[in-house]
Amino acid sequence: MLPAPIRQRHDECLLMPELPEVEIVRRGLVPALEGKVFDRVDQHRPDLRFPLPTRFAPRLEGQKVERLERRGKYLLAHLASGDVLLMHLGMTGRFRVRKRAKQAGANAAEGAKHDHVVFHMQDGGHITYNDPRRFGFMLLIDRSELAQHPLLGNLGVEPLSEALTPEYLAARARGKKVSLKSFLSDQRIIAGLGNIYVCEALYRAGLSPTRAASTLATATGEPTEDATALVPEIRAVLQDAIRAKGSSLRDYRQANGERGGFQNRFGVYNRTGKRCPRQGCGGKIERIVQAGRSTFYCPRCQN
DNA sequence: ACTGTACCCTGTAGGC
DNA sequence: TGCCTACAGGGTACAG
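Residue numbers (the working numbering): 10 to 312.
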């Protein structure tokens, strides 16, 4: 393996899955993809979570990427052909960007385990998709079918857009007995929130993850004070995380400026047994399981 | 319509 | 050192 400083000069390591992380990945990929043309696409296995599309490489090669956008936790590369390359990182999907070709064998990362797809661009840039658990996937969809596609058609509002309002939340939550945690994690309601940011938004808003979603609405479907308080906290936690370049829970790489920093600012996530950071609260963070996933919260100040 | 559970797959951390 | 279990940011398919 080459010394880290040499490797880092040509490598950018970009991480992972909820909305802020996907947005950071998108921003990192834009310079390497937008306006660039696929030269060669290497596919190292037939499937990720789903089978890769038939004629995957041929449908990409020679095509220009007009635009790379994000919708919820999805990345969408719009190609000149009218195809859209839809990508999801699952739990462990990562992209590595290299600005120019390197000599064969010159880098220990070459042919690294779980490198499943490599995009070679005509300008010499390389983008490698690595995903140990293979919960991520890539699909090719015709632009005209995007809106009706089952993976995209049912997605809820973008939380950073004006579509997320207390009124919207109340309307969707009215009469629902599901826990507030499960409700906010549902991609059909809000697109892009995951386990970390749901926990953190509820903590900031002082709302218990175990209460019913219906408590966001009055009997007539108007937003309650809680719904009104929750919306800006959802936005704030996502924006704070994006500013911090996302959350990295593991040290896959050396610190090189591309690792997220928001994990250092969690109020509750992964902090079981620790003190609630809220001034004057004095509670202890607890971990419970909801819908098969960990929820972290402060039972003292989240009601 | 709503739960809750199992499952997809690999890696890691911690107990013994 | 190893072996075992629990757990991990995602989503879906069931059964009840």
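Note that CB positions come from ideal geometry on N, CA and C, so glycine has one too.
Taking the alpha carbon of residue i as the reference point, which residue from the options has its own alpha carbon closest?
i, options, result
"Pro74", "Phe65, Arg80 and His87", "Just to set this straight, residue 74 is Val in the shown sequence, not Pro. The shortest Cα separation from Val74 among Phe65, Arg80 and His87 belongs to His87."
"Gly301", "Asn204, Glu209, Phe47 and Glu295", "Asn204"
"Lys122", "Gln248, Phe192, Arg103 and Gly201", "Arg103"
"Phe271", "Val277, Cys285 and Gly255", "Gly255"
"Ala221", "Thr101, Ile199, Leu77 and Gln299", "Gln299"
"Leu160", "Ser90, Leu94 and Asp48", "Leu94"
"Gly91", "Arg68, Gly99, Thr224 and Gly81", "Arg68"
"Ala245", "Met130, Pro168, Ser191 and Ser188", "Pro168"
"Gly81", "Ala253, Val31, Pro308 and Met100", "Val31"
"Leu85", "Arg35, Val127 and His53", "Arg35"
"Ser217", "Ala253, Ser257, Ile198 and Thr304", "Thr304"
"Gly44", "Arg274, Asp56, Asp132 and Tyr83", "Asp132"
"Leu373", "Phe59, Arg107 and Arg213", "This structure cannot settle anything about residue 373, because the visible part of the chain is limited to 10 through 312."
"Arg109", "Pro232, Leu247, Ala41 and Glu231", "Ala41"
"Asp195", "Pro241, Gln248, Gly289 and Val166", "Val166"
"Ala172", "Gly120, Arg213, Pro241 and Arg105", "Pro241"
Below 8 Å CB to CB, which residues in the same chain sit around residue i once its five sequence neighbours on both sides are set aside?
i, result
"Lys283", "Lys293 and Ile294"
"Cys285", "Gly276, Val277, Gly291, Gly292, Lys293, Ile294, Cys307, Arg309 and Cys310"
"Gly215", "Ala238, Cys310, Gln311 and Asn312"
"Pro55", "Leu61"
"Gly114", "The predicted model places Gly114 with a pLDDT of 44, which falls under 50 and marks its position as unreliable; any figure quoted below should be read in that light. Once the five neighbours on either side are set aside, Gly114 has no close Cβ partner at all."
"Ser191", "Ala222, Gln299 and Ala300"
"Asp140", "Leu57, Leu98, Gly99, Thr101, Gly102, Arg103, His123 and His125"
"Glu70", "Phe47, Asp48, Arg49 and Val50"
Exposed or buried, what is residue i when buried is set at 16 or more other beta-carbons lying within 10 Å of its beta-carbon?
i, result
"Glu27", "buried"
"Glu234", "exposed"
"Pro29", "buried"
"Arg280", "buried"
"Thr229", "exposed"
"Leu211", "buried"
"Lys186", "exposed"
"Gly276", "buried"
"Pro12", "Residue placement at Pro12 is poorly supported in this model, since its pLDDT is 32, which falls under 50; the coordinates still yield a value, given next. Counting Cβ neighbours within 10 Å, Pro12 comes out exposed, since fewer than 16 surround it."
"His53", "exposed"
"Gln157", "exposed"
"Asp320", "Outside the shown range of the chain, which is 10 to 312, sits residue 320, and nothing can be said about it."
"Gln72", "buried"
"Arg197", "exposed"
"Arg351", "Residue 351 lies beyond the residue range present for the chain, which begins at 10 and ends at 312; the question has no answer from this structure."
"Gly289", "exposed"
"Arg76", "exposed"
"Leu258", "exposed"
Return the chain-ordered list of same chain residues with a C-beta closer than 6 Å to the C-beta of residue i, the five sequence neighbours on each side being excluded.
i, result
"Arg287", "Cys310"
"Ala226", "Ala179, Ala182 and Arg183"
"Leu193", "Leu202 and Val207"
"Ala236", "Pro175, Leu178, Ala179 and Leu225"
"His129", "Asp48, Arg49 and His135"
"Thr219", "Ser188"
"Ile243", "Pro168 and Ala210"
For the ligand COA, I want to know if residue i counts as a neighbour, meaning its beta carbon is within less than 8 Å of at least one of the ligand's heavy atoms.
i, result
"His123", "Looking at this structure, you won't find the ligand COA or any other ligand, since it has none at all."
Please return the same chain residues whose Cβ sits closer than 7 Å to the Cβ of residue i, not counting the five positions on each side in sequence.
i, result
"Leu155", "Val93 and Leu161"
"Met100", "Pro26, Arg142 and Phe144"
"Ile297", "Thr304"
Can you check the stretch 223 to 252 for any alpha helix (DSSP H) of at least 4 residues that lies completely inside it and give the ranges in chain order?
234 to 252
Is the stretch 146 to 155 touching the stretch 56 to 67 in the sense that three or more CB pairs, one from each, lie closer than 8 Å?
yes
Using 8 Å as the Cβ pair cut-off and three pairs as the minimum, do the stretch 161 to 180 and the stretch 128 to 139 touch?
no
Whole runs of the beta strand (DSSP E) within the stretch 103 to 173, excluding any shorter than 3 residues
103 to 107, 124 to 130, 135 to 139 and 146 to 151
In chain order, what are the residue ranges of uninterrupted alpha helix (DSSP H) at least 4 long that sit wholly in the stretch 22 to 82?
28 to 42 and 65 to 69
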